[in-house]
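Structure record follows, encoded as structure tokens.
In this note's numbering, the protein residues as written are 1 to 816.
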């Protein structure tokens with residue numbers, strides 16, 4: 001039995017010191033055990049809480065025999081507690097006095113003692129307030145808070161707490177405030193007279209010391225009652241000590257909520273109170289609330305002003321640091337940048353460092369390793385904005401390191417902004433180890449991350465770092481969502497980005513291909529965004545649905561993706577481009593794009609053979625036709641096939657056809673100079689009537705006559721600089737043939753007829769004079785006796801120019 005008693009005592013002491021909360025829970029949940037233990041303890045003669053209560057009651061009775069102690073009488077009249085209750089009382093008393101658990105444990109014990117309703121428990125509390133050696137301040141505060149929070153505060157506690165005001169720890173503001181707050185839960189007419197008398201030192205409290213008076217005044221400031229205000233104003237009379245007047249002013253300010261500058265006199269407070277006293281307690285409370293709101297608004301305004309000032313100072317600091325950074329020599333900037341990025345700097349300064357890193361990357365400056373290390377360290381910072389910003393910048397300067405860091409922390413991150421930054425990194429630099437986390441975000445990450453997660457998985461699929469089985473799992477989820485018919489339309493269950501992702505997963509999922517085919521062929525009615533997503537995904541993924549994509553290219557928005565898909569696929573380029581050119585819907589720009597793809601993909605000797613492609617010229621504008629044919633010539637010049645210029649070679653024939661067609665287009669565009677260039681670039685053939693005819697048309701144009709198919713309302717006025725440039729180019733390409741002589745004669749005659757000398761521009765006049773000199777040097781005068789000159793030395797005779805400037809067909813044939 002002795003061993004059992006010793007074990008119980010040790011367990012009680014250890015539980016109170018080290019695990020009060022846990023012990024209390026176990027103690028309350030195991031009443032049977034406590035009952036047995038309490039009985040054993042009672043049999044061994046251990047001191048119980050009932051004995052402690054009885055001793056306390058005896059001491060209280062001895063202290064005040066004459067008046068009679070109601071506490072002692074209540075304890076004596078109460079039956080003894082049960083063993084379980086006695087054990088609880090002892091445990092709570094021990095926790096209140098010596099618990100190492102801190103204020104929370106002590107306040108819990110005080111609440112249990114107050115709310116138990118046992119007179120023995122209340123006697124323990126009263127003893128703490130009335131003992132010759134008062135309890136510690138935190139014990140008194142715990143008791144007062146328990147009383148103020150109780151739904152049924154014990155009446156027996158009122159008198160001891162009133163006596164304690166100013167007599168127990170009267171210099172401790174926390175104790176005074178706790179006592180005053182506890183007294184407010186009792187009827188005010190039982191509390192205020194005692195406090196007012198003590199504050200004014202009248203009646204029974206005439207001999208109250210200064211500490212008790214000041215405590216009573218502070219307590220009065222907690223009561224929103226007319227009598228409390230009257231009593232406090234009474235403390236302001238000149239006869240009262242200065243400390244009393246100051247305390248009364250402070251209590252009145254707290255009670256009324258007034259923001260008084262300095263200390264008002266009794267006259268000023270009396271005048272203020274005279275206009276409000278008739279409103280009673282409700283008016284006092286209303287005024288106090290109003291004043292407090294005003295003070296709170298003023299406080300908030302001041303705080304906001306301080307915040308603005310702080311932001312202004314930080315902005316100036318950041319501006320100054322940025323200026324200092326750019327003023328430093330380039331070699332010293334990395335060291336300053338490391339300081340800005342350091343963990344000890346302010347948040348705004350570190351953000352400045354990240355912006356400067358991005359600026360350095362955009363300026364193609366080398367970022368040294370210490371700066372990269374500082375950015376990588378910031379990518380693990382606790383601040384989410386810094387973490388997200390650092391990840392984005394790290395991806396710019398070291399994408400592999402950023403991707404590895406993201407893959408390491410991807411599964412641990414929960415902040416949406418940081419996850420968005422991580423997904424951006426993984427989209428630019430896919431990482432295989434992060435694919436499972438990306439799939440989780442697609443399925444369960446919510447709408448804020450869904451689209452970016454899909455883009456990251458598409459990038460992983462494009463880079464072949466996503467396993468086929470993973471893509472199949474995602475396709476299963478998306479396809480199941482898309483095929484829910486009874487719940488609504490497809491657009492209610494999947495997004496356009498899901499459609500693009502299905503394009504990458506359809507190789508591993510048959511139903512995904514069915515869904516994409518239905519979207520491309522228009523079997524389901526969806527917004528255009530879904531069609532574009534299907535086209536974009538189809539053009540980049542495998543080529544199993546290229547035919548459906550070409551069929552959907554009648555939509556101008558789909559056309560570029562169809563062109564890209566055809567260019568990517570081998571064996572379908574010519575047929576696909578012919579199909580695109582035959583589309584009735586896309587405009588000239590789209591057709592030019594298709595023709596440019598044709599030029600890029602096909603050798604020059606083959607594109608002319610694709611009749612549909614040549615026919616596509618009819619669908620684009622004149623300037624675009626010229627642009628495309630010029631590009632054809634440039635591509636031909638840059639290829640081995642196009643460099644062959646043999647008379648009978650297929651490449652030479654193709655180039656001649658291109659040049660003749662280009663010259664005709666230049667004539668339609670009223671650009672004779674460019675037409676001459678195209679004609680000069682055309683290789684000559686054995687019988688090239690088309691080339692001779694074109695030269696004749698150019699000559700007519702240069703003399704002011706247009707082809708019959710393009711006659712304007714009035715003759716074309718060709719500027720003199722165009723004439724000069726055309727003749728200069730003709731001289732540069734002159735081959736000395738009779739045909740060249742004839743053209744030079746025609747053009748120089750027409751130029752001299754139209755030029756009004758002197759020309760306005762000196763530089764143009766000089767150019768004109770130089771051209772005339774070159775023409776005179778080139779054209780040989782006709783001999784007076786042609787028969788005396790040998791046939792092989794006979795110079796070419798310029799043909800006469802008819803009045804209308806036309807050249808006859810016979811002359812063209814002869815010259816040819």
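Using N, Cα and C, we set each Cβ at its ideal position, and we do this for glycine too.
Alpha carbon of residue i to alpha carbon of residue j, nearest angstrom
| i | j | result |
| --- | --- | --- |
| residue 442 | residue 454 | 6 Å |
| residue 548 | residue 527 | 18 Å |
| residue 181 | residue 124 | 21 Å |
| residue 249 | residue 167 | 22 Å |
| residue 370 | residue 412 | 26 Å |
| residue 561 | residue 498 | 18 Å |
| residue 513 | residue 430 | 25 Å |
| residue 187 | residue 193 | 11 Å |
| residue 663 | residue 734 | 18 Å |
| residue 314 | residue 501 | 45 Å |
| residue 351 | residue 357 | 10 Å |
| residue 159 | residue 191 | 9 Å |
| residue 302 | residue 410 | 43 Å |
| residue 559 | residue 737 | 50 Å |
| residue 48 | residue 146 | For residue 48, the pLDDT reaches just 34, beneath the cut-off of 50, and the residue's location in the model is therefore unreliable, although a value from the coordinates is still provided. The straight-line gap from Cα to Cα measures roughly 24 Å. |
| residue 537 | residue 432 | 21 Å |
| residue 765 | residue 555 | 55 Å |
| residue 517 | residue 446 | 28 Å |
| residue 114 | residue 163 | 19 Å |
| residue 458 | residue 659 | 46 Å |
| residue 769 | residue 557 | 55 Å |
| residue 102 | residue 185 | 26 Å |
| residue 732 | residue 634 | 20 Å |
| residue 540 | residue 504 | 8 Å |
Residues near residue i in its chain [Cβ-Cβ closer than 8 Å; skip 5 each side]
| i | result |
| --- | --- |
| residue 172 | 137 |
| residue 423 | 438, 441, 449, 452, 453, 455, 456 |
| residue 521 | 548, 551, 552 |
| residue 383 | 347 |
| residue 106 | 95, 96, 99, 138, 139, 142 |
Test item: CB-CB of residue i and residue j under 7 Å
| i | j | result |
| --- | --- | --- |
| residue 461 | residue 435 | no |
| residue 379 | residue 395 | no |
| residue 231 | residue 246 | no |
| residue 141 | residue 178 | yes |
| residue 121 | residue 165 | no |
| residue 593 | residue 563 | yes |
| residue 406 | residue 418 | no |
| residue 546 | residue 534 | no |
| residue 341 | residue 374 | yes |
| residue 661 | residue 682 | no |
Span of the alpha helix (DSSP H), counted from its first residue to its last, around residue i
| i | result |
| --- | --- |
| residue 141 | 137 to 149 |
| residue 530 | 528 to 540 |
| residue 212 | 210 to 220 |
| residue 546 | 546 to 551 |
| residue 274 | 266 to 274 |
| residue 776 | 762 to 778 |
| residue 454 | 447 to 462 |
| residue 188 | 188 to 200 |
| residue 227 | 226 to 234 |
Buried or exposed (CB count within 10 angstroms, at least 16 for buried), residue i
| i | result |
| --- | --- |
| residue 326 | exposed |
| residue 468 | exposed |
| residue 81 | buried |
| residue 299 | exposed |
| residue 496 | buried |
| residue 427 | buried |
| residue 308 | exposed |
| residue 161 | buried |
| residue 27 | Low confidence applies to residue 27: its pLDDT is 35, below 50, so where it sits in the model is not reliable enough to give any reading. |
| residue 320 | exposed |
| residue 334 | buried |
| residue 104 | exposed |
Chain-order list of residues whose beta-carbon lies under 6 Å from that of residue i (same chain, five-residue window excluded)
| i | result |
| --- | --- |
| residue 392 | 421 |
| residue 130 | 160 |
Residues of its chain near residue i, where Cβ-Cβ distance is below 7 Å and the 5 sequence neighbours each way are ignored
| i | result |
| --- | --- |
| residue 771 | 724, 727, 728 |
| residue 361 | 367, 396, 397 |
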